[in-house]
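Engineer: Got a structure for you, written out below as C-alpha cells; questions coming shortly.
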Amino acid sequence: MGPQIAGLAEYTNVPKTIATVMSSGKCSLTELSTTLGVQDLWWWLEIITIDNYNQMVIDRASEAW
Numbered sequence: 035m036g037p038q039i040a041g042l043a044e045y046t047n048v049p050k051t052i053a054t055v056m057s058s059g060k061c062s063l064t065e066l067s068t069t070l071g072v073q074d075l076w077w078w079l080e081i082i083t084i085d086n087y088n089q090m091v092i093d094r095a096s097e098a099w
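Spelled out as C-alpha cells, the structure:
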C-alpha cells in the first residue's frame, strides 16, 4: 500500500470490505444485505481495486508528460 496520509479517518464499526464497496458508490448496504452475496462483494472489491490501480497508472502517466 502507498504512503499513509496523517489525519485520515478509518471506518471502525464497519468491516473494511463492506466499507470499501459502499464508499465507492458501486452498491448500497441494502443491496449487499438483500440481493447480493459474499461472492458479489469480492467481485466488487476486485473491480474497485483494478479501477483504482488503472486510475493511478493514468495519473502517473499524465504527470510524466
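Read in order, the letters of the sequence shown are residues 35 to 99 in the working numbering. For every residue, glycine included, the Cβ atom is placed at its ideal position computed from N, Cα and C.
Report the residue from GLN38, SER62 and ASP85 whose alpha carbon sits nearest the alpha carbon of LEU75.
Structural biologist: For the purposes of this step, residue 75 is taken as the residue at position 41 of the sequence shown. Of GLN38, SER62 and ASP85, the residue nearest in Cα terms is SER62.
Engineer: May I have the straight-line CA-CA distance separating ALA53 from ASN86, to the nearest angstrom?
Structural biologist: Counting from one through the sequence shown, the residue named residue 53 turns up at place 19. Counting from one through the sequence shown, the residue named residue 86 turns up at place 52. Near 15 Å, if we compare the C-alpha coordinates of ASN86 and ALA53.
Engineer: Quick check on the burial criterion: 16 or more other C-beta atoms within 10 angstroms. Buried or exposed for TRP99?
Structural biologist: As a first step, residue 99 must be located in the sequence shown, where it is residue number 65. Exposed, because fewer than 16 other Cβ atoms sit within 10 Å of the Cβ of TRP99.
Engineer: Classify VAL48 as helix, strand or coil using the three-state DSSP reduction.
Structural biologist: Translated into positions along the sequence shown, residue 48 becomes position 14. If DSSP states are grouped into helix, strand and coil, VAL48 belongs with coil.
Engineer: For LEU66, is the classification buried or exposed, using 16 other Cβ atoms within 10 angstroms of its Cβ as the cut-off for buried?
Structural biologist: To locate residue 66, count along the sequence shown from 1; it is residue 32. Buried, because 16 or more other Cβ atoms sit within 10 Å of the Cβ of LEU66.
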